[in-house]
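So the structure is just underneath, and the comments pick up after that.
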Amino acid sequence: MERPAAFDLWRHRYAAACAGATVLLLAAGGLVTSTGSGLAVPDWPLSFGTVFPPMTGGVLFEHGHRLVAAAVGLMTVVLAGWFGRRERRDWVRRLAYVAAAAVVAQGLLGGLTVLLRLPPAVSVLHACLAQGFFCVVVVLALATARGFTDRVPARLGRDGAPPLWALGAATTGLVYGQLILGAVMRHTGAGLAIPDVPLAFGRLVPPILSFEIAVHFAHRVGALLVAAAVFVLAARVLRRHRARPELLRPALLAIGLVTLQIGLGVAAVLTRLAVLPATAHVVVGALILATCLTLTVRAARSRPATAPQGTRTAGETPRSGAPRTAGSPA
Numbered sequence: 042m043e044r045p046a047a048f049d050l051w052r053h054r055y056a057a058a059c060a061g062a063t064v065l066l067l068a069a070g071g072l073v074t075s076t077g078s079g080l081a082v083p084d085w086p087l088s089f090g091t092v093f094p095p096m097t098g099g100v101l102f103e104h105g106h107r108l109v110a111a112a113v114g115l116m117t118v119v120l121a122g123w124f125g126r127r128e129r130r131d132w133v134r135r136l137a138y139v140a141a142a143a144v145v146a147q148g149l150l151g152g153l154t155v156l157l158r159l160p161p162a163v164s165v166l167h168a169c170l171a172q173g174f175f176c177v178v179v180v181l182a183l184a185t186a187r188g189f190t191d192r193v194p195a196r197l198g199r200d201g202a203p204p205l206w207a208l209g210a211a212t213t214g215l216v217y218g219q220l221i222l223g224a225v226m227r228h229t230g231a232g233l234a235i236p237d238v239p240l241a242f243g244r245l246v247p248p249i250l251s252f253e254i255a256v257h258f259a260h261r262v263g264a265l266l267v268a269a270a271v272f273v274l275a276a277r278v279l280r281r282h283r284a285r286p287e288l289l290r291p292a293l294l295a296i297g298l299v300t301l302q303i304g305l306g307v308a309a310v311l312t313r314l315a316v317l318p319a320t321a322h323v324v325v326g327a328l329i330l331a332t333c334l335t336l337t338v339r340a341a342r343s344r345p346a347t348a349p350q351g352t353r354t355a356g357e358t359p360r361s362g363a364p365r366t367a368g369s370p371a
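For the sequence shown, the numbering used here gives the first residue as 42, with consecutive numbering after it.
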């Protein structure tokens, strides 16, 4: 059985602040791509050879992104040091070190995207690592929350197949894959490869005449798969775990976010990739990922314990495992 850890309010608040700051960083990065400002500052790590260049035009977005990234990097290094000294759980402490390593790697990738003049492969990797880093800090915030540290959770009752944690993990993986497709689409200029919506060139399945059309259409199909997976996951929670607010809240939030995300995707196409809907689409995608991850982590921690082979559980006979009835021999 998992032994509860001591709850530290300020450590939890700091981890949550790191997660919140990462959302701002994702928004800042989305603004850079949406405004085409990735090369507004052509050098790195300085900006035009200075620390604070004139914040005008695209420089505002690109250098602003660098400043937010530097703040998140510093916060993460402090978090790793704090957890390294105070956290008793080995896996949480190691995860904090992973976060610190990831944020350093992310900063270097960001510099490479500028120095190499925005190559799609490096830009996509930069976007994917950003989402992965976000997942790590979300788990750290969850792991330091009061309900996670100061008590062993009540086990889930009758669940079903696949178990809720596995269904959540599959959904989270599907969302991450969809975010990768979105990053490929954005960084290869495929955002308007299919200019109409909800159809594609007036058809359900467009003619795949280029890589850009293929990626764009794959992203649309992925959106349908993600929506279906999220609704199935939420339906499981509503049907069998409605009394567990720590599961019900993220399930309902995921439904709302997916609905909003579909609307933002449609708006991005109809407005020809206007800055606001295109950037919001990136941020809401990350929030869907974090919400599904939260539900998955909580479900995994509360999954029913498996009784050892040969162990008799309440209401079972030693031989058959069938429920006892009145008059059955003990």
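Heads up, the beta-carbon is just placed ideally off N, CA and C, and yes, glycines get one too. Predicted model only: the values in this text are computed from it and were never measured.
Note that the C-beta distance between GLY151 and HIS167 is below 7 Å. Judged by beta-carbon spacing, LEU288 lies within the 7 Å limit of ARG339, meaning their Cβ atoms are closer than that value. In the pairwise beta carbon analysis, the segment 247-254 is classified as not touching the segment 207-217: fewer than three pairs are separated by under 8 Å. Around the Cβ of THR332, a 10 Å sphere holds 16 or more other Cβ atoms; the residue is buried.
In terms of Cβ geometry, ALA140 and THR117 form a close pair [threshold 7 Å]. Between the segment 86-95 and the segment 119-137 there are fewer than three inter-stretch CB-CB distances shorter than 8 Å, so the stretches are not counted as touching.
One thing to note: VAL165 has its Cβ within 7 Å of the Cβ of VAL225.
DSSP places ARG283 outside both helix and strand once states are collapsed to three, so it counts as coil. Judged by DSSP secondary structure, VAL238 falls outside any alpha helix (DSSP H); it is assigned neither H nor E. Per DSSP, ARG129 is not a residue of any alpha helix (DSSP H), being assigned neither H nor E.
No residue range can be given for THR312, since it is assigned to no alpha helix (DSSP H) and is classified by DSSP as neither H nor E. Contact check for VAL155 and LEU80: beta-carbon distance about 7 Å, within the 8 Å limit, so the pair qualifies. The beta carbon of VAL177 lies closer than 7 Å to those of LEU136, VAL139, ALA140 and ALA143 in the same chain, with the five residues before and after it left out. Counting only runs that start and end inside the segment 126-191, the alpha helix (DSSP H) elements of at least 4 residues fall at 131-156, 161-184 and 187-190. Classified as buried, TRP206 has 16 or more neighbouring CB atoms from the shown chains inside 10 Å of its CB. From the listed residues ILE329, PRO318 and LEU328, the smallest Cα separation to THR76 is found for PRO318.
Contact between ALA275 and GLN219 fails: their C-beta atoms lie close to 17 Å from each other, not under 8 Å.
Of the candidates ALA182, GLY98 and TRP85, TRP85 places its Cα closest to the Cα of LEU157.
For LEU220, the uninterrupted alpha helix (DSSP H) run begins and ends at 205-228, by DSSP. In this chain, VAL246 is not harboured by any alpha helix (DSSP H), its DSSP state being neither H nor E. If you check the CB distance, SER88 and HIS106 do not come in under 7 Å.
As DSSP reads the structure, THR91 sits in a beta bridge with SER88.
Separation of the CB atoms of ALA62 and ALA112 is rounded to 7 Å, and the pair is thereby assigned contact status at 8 Å.
In the DSSP assignment, ALA69 falls within the alpha helix (DSSP H) that extends over 50-75. For ILE235, same chain residues with a beta-carbon under 8 Å away, outside a window of 5 residues either side, are ALA241, PHE242, PRO247, ILE254, HIS257, PHE258, ARG261 and VAL310 in chain order. Judged by beta-carbon spacing, ILE329 lies within the 7 Å limit of LEU298, meaning their Cβ atoms are closer than that value. The beta carbon of LEU305 lies closer than 7 Å to those of PRO318, ALA321, HIS322 and VAL325 in the same chain, with the five residues before and after it left out. Sequence-distant partners of ILE221 (beyond 5 residues in either direction) whose C-beta falls short of 6 Å from its own C-beta, in its chain, are CYS169. MET96 carries a coil assignment under DSSP once its states are collapsed to helix, strand and coil.
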